[in-house]
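Asks:
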Amino acid sequence: MPITATEKIWMNGELVDWDQAQVHVLTHTLHYGMGVFEGIRAYETSQGPAVFRLTEHVERLFASAQILGMEIPYTVEELIDATKTTVAATGLSSCYIRPIAYFGYGEMGLNTLPCTVDVAIACWPWGAYLGDDAVTKGVRMKISSWTRHDHNIMPPASKTTGNYVNSSLAKVEALRAGYDEAIMLAPNGLVAECSGENIFVARHGKLLTPPLSAGALEGITQNTVMTIARDLGFEVAVDNIARSDLYIAEEMFVCGTAAEVSSVNSVDDRALPCPGPMTMAIAEQYLATVTGEVDQYKDWCELVS
Ligand code: PPE
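Just so you know, we're using the numbering used here here: the sequence shown kicks off at 193 and counts up by one.
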């Protein structure tokens, strides 16, 4: 999906012009994939632009870094402020936000201990990740021939840049085969997640979503959806899902910051009921929540100014 340039990018404490936000080709992370990043969205609310669950996203950035043994040279509060400053500097009322912490220029070789850690935050307008009609029409899924990372190979709990080699291989394979998105199974065959979203299936009237132990990222949207779903009166559990659960799901959707809530209309060419009633109710409530229209979730909308 193409990027639209905005005014400024925050780099190591300063707002720089979009075109000046550059790195050297010998930047350590470019070679070895040891960077951590976030995907966040700001939405227009009646009180102005607000970043959805900004604090949790920045906290997860620090957790991702902690898993890699990377020390981010800022505090959570400083990066929350920096994110708001960046969004405000673009003048956009809604946008996608990409913070990244990476090992910078100056050292080569696999030892990261002497490396400096650089941080950048960019934002730009980004539309529906899985297509404009992903909620109503649903997307076509394919189980990937690529396996999700094992915990002792690439920790899936860390949103590490290098982890996304696995996601990109799966995504491109699915697109080339005529599908919209890939479902990844863990090394033990259990369902993990999609290349960039968490999965929910309905079985026996109950929503199930795979745990971190199955190789899924602990999605902030997944957490939001579980809260919304329970408050709407649906039963939800974090539990293991087998491949066959997907084929006979009563309904299925995927969710993530970029994809929001998107229905699934088929898995490996087995048609699923779509859009499902729980999916539709949750998708509608999610949109109202991120735009600050639901009183009980207003605190999740962190105003930019
Ligand atoms: N799993 C993966 C692998 C993942 O990348 C994401 C986010 C999620 C689950 C959902 O997490 P959360 O956003 O906290 O609900 N994927 C990002 C898009 C990746 C991309 O750059 O493309 C996102 O949604 O921002």
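The beta carbon of each residue, even a glycine, is placed where N, CA and C say it ideally should be.
Nearest CA to the CA of Ala463: which residue from Ile272, Thr413, Ala441?
Replies: Comparing Cα-Cα distances from Ala463 to each of Ile272, Thr413, Ala441, the minimum goes to Ala441.
Asks: Under the three-state reduction of DSSP, which class applies to Val217: helix, strand or coil?
Replies: Correct three-state label for Val217: coil.
Asks: Which runs of the alpha helix (DSSP H), 4 residues or longer, sit entirely within the segment 237 to 282?
Replies: Correct list: 246 to 260, 268 to 282.
Asks: Can you tell which of Asp211, Trp202, Lys200, Leu246 has its C-alpha closest to the C-alpha of Ile517?
Replies: This structure leaves residue 517 out entirely; the chain is present only between 193 and 497.
Asks: Could I get the ranges of all uninterrupted beta strand (DSSP E) runs contained in the segment 288 to 347, with 3 residues as the minimum, in chain order?
Replies: Segments of the beta strand (DSSP E) lying fully in the segment 288 to 347: 309 to 316, 331 to 339.
Asks: Taking only heavy atoms of the ligand PPE into account, decide whether any of them is closer than 7 Å to the Cβ of Leu479.
Replies: No; taking the cut-off as 7 Å, the Cβ of Leu479 has no heavy atom of the ligand PPE nearer than that.
Asks: Buried or exposed: which applies to Arg252, given that a residue is buried once 16 or more other Cβ atoms fall within 10 Å of its Cβ?
Replies: When all chains shown are included, Arg252 counts as buried.
Asks: Would you kindly check if the distance between the Cβ of Val446 and the Cβ of Glu169 is under 8 Å?
Replies: Here the chain covers residues 193 to 497 and nothing more, so residue 169 does not appear.
Asks: Helix, strand or coil: how does DSSP classify Met418 here?
Replies: Note: Met418 maps to helix in three-state DSSP.
Asks: Per the DSSP calculation, Glu365 is bridged to which residue(s)?
Replies: None, per the DSSP bridge assignment.
Asks: In angstroms with no decimal places, state the Cα-to-Cα distance between Asn204 and Met262.
Replies: Those two C-alpha atoms are separated by around 16 Å.
Asks: DSSP three-state label for Asn457, please.
Replies: Three-state DSSP puts Asn457 in a strand.
Asks: Leaving out the 5 sequence neighbours to the left and right, which residues in its chain are closer than 6 Å to Arg332 when beta-carbon positions are compared?
Replies: If we look at Arg332 and ignore the five residues flanking it on each side, its Cβ neighbours are Tyr371, Asp372, Ser458.
Asks: Look at Thr483 and Tyr235 and say whether their C-beta atoms are less than 8 Å apart.
Replies: Yes, these two residues count as a Cβ contact at 8 Å.
Asks: Give the straight-line distance between the Cα atoms of Gln212 and Ile195, rounded to the nearest whole angstrom.
Replies: Looking at the two C-alpha atoms, the distance is approximately 16 Å.
Asks: Which two residues bound the contiguous beta strand (DSSP E) that contains Leu495?
Replies: That run of the beta strand (DSSP E) goes 493 to 495.
Asks: Can you name, in chain order, every residue of its own chain whose Cβ lies under 8 Å from the Cβ of Leu404, other than the five neighbours on each side?
Replies: Result list for Leu404: Pro348, Ala349, Glu410, in chain order.
Asks: Spatial neighbours of Ala197 within its chain, please: C-beta separation below 6 Å, excluding the five flanking residues on both sides.
Replies: Excluding sequence neighbours, Ala197 sits near Trp210.
Asks: Tell me which residues pass a beta-carbon proximity test against the ligand PPE: closer than 5 Å to any heavy atom, given in chain order.
Replies: Per the Cβ criterion, the list is Gly231, Glu385, Gly388, Asn390, Leu409, Gly411, Ile412, Thr413, Gly448, Thr449, Ala450.
Asks: Under the rule that 16 or more other beta-carbon atoms within 10 Å means buried, what is Lys490, buried or exposed?
Replies: Exposed, by the Cβ-count rule.
Asks: Following the continuous beta strand (DSSP E) through Met376, name the residue where it begins and the one where it ends.
Replies: Taken as a continuous stretch (DSSP letters only), the beta strand (DSSP E) holding Met376 covers 373 to 377.
Asks: Give the secondary structure of Gly448 by DSSP, where H, G and I count as helix, E and B as strand, and everything else as coil.
Replies: Strand, per DSSP.
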